[in-house]
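Read through the structure below, which is laid out as structure tokens, and then see the notes.
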Amino acid sequence: MKTKTIFLSAMSMLLALFIFSCSSSDDENNNDDVAVTGITLDQETASVDVEATITLTATLEPAGANGSITWSSSDSEVAVVTNGVVTGITQGTTTIAAACGAFSATCEVTVTPKPLSTSQFPSLQGSDYYVISLSESAFEAIKSKVTIDFRPDEVNKNLFVWSGTFSGGTPVGPNFYEEPEGWVSLVVANTDWSGAGYAIGPEFGTIDMTKLAASPEDYYFHIALKSAQPEIAYTFIFAVDKITDDKAMEVKIVIGNAPGDNDILPSYNFERDNEWHEFEIPITKFIELQPGAFQNPFVDANIFAFLAGGGIGKTLDMDAVFFYKKAN
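According to UniProt numbering, the sequence shown holds residues 1 to 328 in order.
The following block contains the structure:
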């Protein structure tokens, strides 16, 4: 009787082990057999700064499905991706894709310039900015201190090239604030003369820069220029009031190594090494040239215009164009 009982117990244990083994094997086979029917990403659009990372998470459908996920970027010069980790390379837009077999999901990723540190640039540490031309990241760095934004919007603020006398240039390298963003780059396309201006239309409303006249010793006009051409002169023309509805009171300042428009002698020059050179022209200079400068608000004017003379192929590269109050 005892022998029979031991035998039955042993048989019961073997049967239990067999059932457990089959059950485990079936479960594993069931997981392996769950076919992938789709794939999703946790974000359809995303943004990342240059040299920063974000992580995208891919999920296979249905729940419990297994499969190998392959990641790719439509433009690896803008951003790259490894196992869902996206690294921004340069400003732009790219599509990040996650694929498993015939199924895929995408996320449009916009790479933005990394936040600009203003600590190394005194010209971004001032206040009361009147911005004419500035990169987007530099503008963001001073946005809370901008009084008037004159940058073109193709509505009532425009940069007009006069009579086709300039064509577009090709910005190469970093801008004045050492960012991988562009700047105003133009090439003279006429033999006799060239000109363009930032036109602020009447719909914009009143242009009030009277603070500059009230404290001229505190305010400056800022511009950065670069060139490799040995002989060139730029005439910069500023509207500082209106004489009549159709005629502006102007200040003209020449930068270069030759007379500018109407044989105006240059006030400043710079080395032609194809590197950026910064100019900060005091508003006291403007008032010296035109005593009534900025005394009154005005409307509808070319707030800033420039001439580069004649001669096809001459270039004008400028960046960081604004009036501002210097920090103490």
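Beta carbons are placed, not taken as given, at the ideal position from N, Cα and C, and that holds for glycine.
Can you determine whether any heavy atom of the ligand NAP sits closer than 6 Å to the C-beta of residue i, and answer yes or no?
i, result
"D218", "This structure lacks the ligand NAP, and indeed carries no ligand of any kind."
Using alpha carbons as the reference points, say which of the options lies closest to residue i.
i, options, result
"A141", "G67, K114, P291", "K114"
"L56", "S73, L41, D49", "L41"
"I69", "V85, A58, D273", "A58"
"S73", "I89, A224, D149", "I89"
"P282", "S194, N302, Y219, D300", "Y219"
"F270", "T284, Q229, T87, N302", "Q229"
"D245", "G292, A301, N262, E217", "A301"
"D203", "G313, V155, C100", "As written in the sequence, residue 203 is Glu, which differs from the Asp given in the question. The shortest Cα separation from E203 among G313, V155, C100 belongs to V155."
"E217", "K285, V109, Q91", "K285"
"V36", "A102, G173, V86, F150", "A102"
"K326", "L212, D75, C100, T165", "L212"
Determine which residues share a DSSP beta bridge with residue i and list them.
i, result
"Y234", "I255"
"residue 345", "No information on residue 345 is available, as it lies outside the stretch 1 to 328 that the chain covers here."
"M317", "Note that residue 317 is Asp in the sequence shown here, rather than Met. Answer is S185, K226."
"P47", "Looking at the sequence itself, residue 47 is Ser, so the reference to Pro does not match. Per DSSP, T110."
"I241", "Per the sequence shown, the amino acid found at residue 241 is Asp instead of Ile. Paired residues: M249."
"N158", "A199"
"N269", "Paired residue(s): none; N269 is not in a bridge."
"N302", "A199"
Classify residue i as buried or exposed, calling it buried when 16 or more other Cβ atoms lie within 10 Å of its own Cβ.
i, result
"L265", "exposed"
"T94", "buried"
"E179", "buried"
"K143", "exposed"
"D26", "Low confidence applies to D26: its pLDDT is 40, below 50, so where it sits in the model is not reliable enough to give any reading."
"A79", "buried"
"L307", "buried"
"A105", "buried"
"A214", "exposed"
"N328", "exposed"
"T210", "exposed"
"I243", "exposed"
"A98", "buried"
"S117", "exposed"
"D192", "exposed"
"S21", "Since pLDDT at S21 reaches only 41, below the 50 mark, its modelled position is unreliable, and the value read off the structure follows with that caveat. By the 10 Å Cβ count, S21 comes out exposed."
"I287", "buried"
"A63", "exposed"
"residue 411", "For the chain, the structure presents residues 1 to 328; residue 411 sits outside this window and is missing."
"V111", "buried"
"E44", "exposed"
"E51", "exposed"
"S24", "With a pLDDT of only 37 at S24, under the threshold of 50, the placement of this residue in the model should not be trusted; the figure read from the coordinates follows. Exposed, by the Cβ-count rule."
"Q120", "exposed"
"K247", "exposed"
"S163", "exposed"
"S76", "exposed"
"G126", "buried"
Ordered along the chain, which non-local residues of its own chain (more than five positions away) have a Cβ less than 7 Å from that of residue i?
i, result
"L159", "P152, A196, Y198"
"Q290", "V240, M249, V251"
"Y268", "I255, F279"
"K226", "N274, E275, W276, H277, D317"
"N29", "At N29 the pLDDT is 44, less than 50, meaning the model places this residue with poor confidence; the figure from the coordinates comes in the next sentence. Cβ neighbours of N29 beyond the five flanking positions: none."
Near residue i, what residues of its chain come up, given a Cβ to Cβ distance below 8 Å and the 5 sequence neighbours on each side ignored?
i, result
"S123", "H222, E278, E280, A320, Y324"
"P259", "A233, L265, P266"
"G168", "S185, L186, V187"
"N31", "Only weak support is given to the placement of N31: the predicted model assigns it a pLDDT of 47, under 50, and the value that follows is read from those uncertain coordinates. Taken in chain order, the residues that qualify are G64, N66."
The beta strand (DSSP E) that contains residue i, what's its start and end?
i, result
"S127", "127-133"
"T284", "Counting along the chain, T284 falls outside any beta strand (DSSP E), though it belongs to the alpha helix (DSSP H) covering 283-289."
"G173", "Careful: G173 lies outside any beta strand (DSSP E) and carries neither H nor E."
"D149", "146-149"
"W71", "70-73"
"L41", "38-41"
"V34", "Looking at the DSSP string, V34 is not in any beta strand (DSSP E), and its letter there is neither H nor E."
"G292", "From DSSP, G292 is part of no beta strand (DSSP E); its letter is neither H nor E."
"S167", "166-168"
"G309", "It is not in any beta strand (DSSP E) - G309 carries neither H nor E in the DSSP assignment."
"T55", "53-55"
"L60", "58-61"
"A79", "79-82"
"A99", "92-100"
Below 6 Å CB to CB, which residues in the same chain sit around residue i once its five sequence neighbours on both sides are set aside?
i, result
"N296", "D241"
"V81", "W71, S73, I96"
"W183", "P171, N175, D319"
"A138", "L116, Y177"
"A224", "F176, W276, E278, D319, A320"
Can you confirm whether residue i, when its beta carbon is compared against all beta carbons of chain D, has any partner nearer than 7 Å?
i, result
"N328", "Absent from the structure is chain D; it holds one protein chain and no more."
The alpha helix (DSSP H) that contains residue i, what's its start and end?
i, result
"L212", "210-214"
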